[in-house]
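Residue numbers (the working numbering): 10 to 130.
For every residue, glycine included, the Cβ atom is placed at its ideal position computed from N, Cα and C.
Owing to the predicted nature of the structure, the values given are computational and were not obtained by experimental measurement.
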Ligand code: SF4
């Protein structure tokens, strides 16, 4: 399956999908393990294709971006405030059921349900 990522790329780049304002901290193995599952994302877009109810909303974060935010929220080196009110409002429509479904769709076995929980919390 090939997913057309063009409709989400602009917004994806706006979330700054890279380490930013880097903190020079020691990363323990336990801390590294927190972000590990989310670092496996290959940006294939399968989760986007599997979440039409989210994409139809228009104002919501696509699941690939959501996973990327969870990846950096769980990385103590990242210095950006990523869980802003604005970001949280863009994940309201994600349900537990949707998270579980997307976790099954992801070819890398990424726990997208957990990413949703992390970003919403
Ligand atoms: S399906 Fe998995 S690997 Fe593909 S973009 Fe989504 S989270 Fe990343």
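The distance from the Cβ of residue 96 to that of residue 78 is about 7 angstroms, consistent with a contact at the 8 angstroms cut-off.
Looking from the CA of residue 24, the closest CA among 66, 30 and 70 belongs to 70. Between the beta-carbon of residue 76 and that of residue 55 there is about 11 angstroms, and that puts the pair past the 8 angstroms contact cut.
A distance below 8 angstroms between beta-carbons, with the five flanking residues on each side excluded, links residue 12 to the following residues of its chain, in chain order: 53, 54, 55, 57 and 58. The DSSP-derived three-state label of residue 10 is coil. If you keep only unbroken alpha helix (DSSP H) runs of at least 4 residues inside the region 52-100, you get 55-58, 61-64, 72-82 and 94-98.
Non-local beta-carbon contacts of residue 74 in its own chain, meaning distances under 6 angstroms to residues more than five positions away in sequence, involve 21 and 24 in chain order.
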